[in-house]
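In the working numbering, the protein residues as written are 6 to 311.
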């Protein structure tokens, strides 16, 4: 199979576990996930199958939405409630107004220091491996962007709040909970995390591994696989003119005059009017999606072939 299946990752599974189980269910080796979720976290995990594994990196770059529950008054070594408690704080004076004001201050572009318990590598070794050895190393702050952060519920007596966060790639929600607590002077640790969206993939069209296995048994899974071109609805789309089909087939550079508007897409800008670096979709002479190309100064160059 070629395409993307929207998996609902359940608690206790790593992202690698999901891939391994899917290989067994689908009897297919070429499978890759699009960004890790902690074993304790749940939610949307798009998984690429076959030729679609070529877009794993593109999907990783897409914005994501999370539902998170944070416990105030606690600081742990993992920045969530599974870790060892390092310090306790007083959250009794944190009002809903103060919490909303603090969350608002985290919107926009900022630098975030990745947690020690993460899969990032330093000198070839994953940070969580170093952390389990009792080591702490310096981590460089990384640029992230919080597009929106909304308070959904606050149980002031318990010091527990729920928020919805839409953010850029590379954002650690555990660290965000920690930083929110520190900002208010009472500490904070993540209690629960559910990823509700990755790009076009949402909870509403996600399937557990058990559901996928049942769909395979009924012969109904093919209808749930998302084709690669549907990942990029904002991209202009063009079809190769028949006389230049061999150039597309071979992944050769193209010229604007080799292409024509793809009838299934609307509001295409002329290729020669695109900004340099613009990505766009290219279909073959029979209307089958074949590649993502990019506008260069003098021609059009293939970025991904499918």
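Note that beta-carbon positions come from the ideal geometry of N, C-alpha and C, so glycine has one too.
Problem set entry | Reference residue 166, options 104, 142, 26, closest by Cα | 104
Exercise. In terms of residues, what are the limits of the beta strand (DSSP E) holding residue 79?
Worked result: 79 to 81
Exercise. Which two residues bound the contiguous beta strand (DSSP E) that contains residue 53?
Worked result: 47 to 54
Exercise. Excluding the five sequence neighbours on either side, which residues of its own chain have a C-beta within less than 8 Å of the C-beta of residue 283, listed in chain order?
Worked result: Within the same chain, 241, 299, 300 come within 8 Å of residue 283 by CB-CB distance, once the 5 residues on both sides are set aside.
Problem set entry | Per-residue burial, residue 85 [other beta carbons within 10 Å of its own, 16 or more giving buried] | Looking at its Cβ environment, which holds 16 or more other Cβ atoms inside 10 Å, residue 85 is buried.
Exercise. Once you ignore the five residues that flank residue 20 on each side, which residues in its own chain have a CB closer than 8 Å to its CB?
Worked result: 14, 38, 40, 41, 42, 50
Exercise. If you run the structure through DSSP and keep just helix, strand and coil, what is residue 106?
Worked result: helix
Exercise. Taking the alpha helix (DSSP H) that residue 362 falls in, what are its first and last residues?
Worked result: Past the edges of the chain, shown from 6 to 311, lies residue 362, and the structure says nothing about it.
For this session: Measure the Cβ-Cβ separation of residue 10 and residue 54 and say whether it is below 8 Å.
Result: It is a contact, given that the beta carbons lie within the stated cut-off.
Exercise. Using 8 Å as the Cβ pair cut-off and three pairs as the minimum, do the stretch 113 to 131 and the stretch 222 to 235 touch?
Worked result: no
For this session: Rounded to whole angstroms, what's the CA-CA distance from residue 152 to residue 204? Just pull it up for me.
Result: 13 Å
Exercise. Secondary structure at residue 58, three-state DSSP: helix, strand or coil?
Worked result: Helix at residue 58.
For this session: Just tell me which of 303, 281, 285 has its CA closest to the CA of residue 273.
Result: Nearest to residue 273 by alpha-carbon distance, out of 303, 281, 285, is 285.
Exercise. With a CB to CB cut of under 7 Å and the five nearest residues on each side skipped, what residues in its chain are close to residue 7?
Worked result: Correct list, in chain order: 54, 55, 56, 57.
For this session: Please report the Cβ distance between residue 108 and residue 96, rounded to the nearest whole angstrom; I am assuming they are in contact, meaning their Cβ atoms lie under 8 Å.
Result: Rounded, the Cβ-Cβ distance is 15 Å, inconsistent with contact.
Problem set entry | Distance cut-off 7 Å: residue 302 Cβ against heavy atoms of the ligand GTP | With respect to the ligand GTP, the structure offers nothing, as it holds no ligand at all.
Exercise. What do you get for residue 91, buried or exposed, if any count of 16 or more other CB atoms within 10 angstroms of its CB means buried?
Worked result: exposed
For this session: Within 10 angstroms of the Cβ of residue 157, are there 16 or more other Cβ atoms? Answer buried if so, exposed if not.
Result: By the Cβ neighbour-count rule, residue 157 is exposed, with fewer than 16 other Cβ atoms within 10 Å of its own.
Exercise. Looking at C-alpha atoms only, which residue of 132, 80, 221 is the closest neighbour of residue 188?
Worked result: 80
Exercise. Around the C-beta of residue 193, are 16 or more other C-beta atoms found within 10 angstroms, so that it is buried, or is it exposed?
Worked result: buried
Exercise. Can you list, in chain order, the residues of its chain whose CB lies under 8 Å from that of residue 220, leaving out five sequence neighbours each side?
Worked result: Shown here for residue 220: same chain residues with a beta carbon closer than 8 Å to its own, the five before and five after excluded, namely 212, 226, 229 in chain order.
Exercise. Per DSSP, which one or two residues make a beta bridge with residue 149?
Worked result: 115
Exercise. Does DSSP put residue 21 in a helix, in a strand, or in coil?
Worked result: helix
Exercise. Who does residue 156 pair with in a DSSP beta bridge?
Worked result: The bridge partners DSSP lists for residue 156 are 168.
For this session: Tell me residue 199's beta-bridge partners as DSSP assigns them.
Result: 47, 72
For this session: Report the rounded CA-to-CA distance for residue 148 versus residue 119, giving the unit in angstroms.
Result: 10 Å
Exercise. Just to confirm, are residue 44 and residue 17 a CB contact at a threshold of 8 Å?
Worked result: yes
Exercise. Taking buried to mean at least 16 other C-beta atoms within 10 Å of its own C-beta, is residue 202 buried or exposed?
Worked result: buried
Exercise. Can you give, in chain order, each stretch of the beta strand (DSSP E) that sits fully within the stretch 211 to 299 and has at least 3 residues?
Worked result: 242 to 245, 264 to 266, 284 to 288
For this session: Determine the DSSP secondary structure at residue 26, reduced to helix, strand or coil.
Result: For residue 26, the secondary structure class from DSSP, reduced to helix, strand or coil, is helix.
Exercise. Taking DSSP as the reference, what is the three-state secondary structure of residue 306?
Worked result: strand
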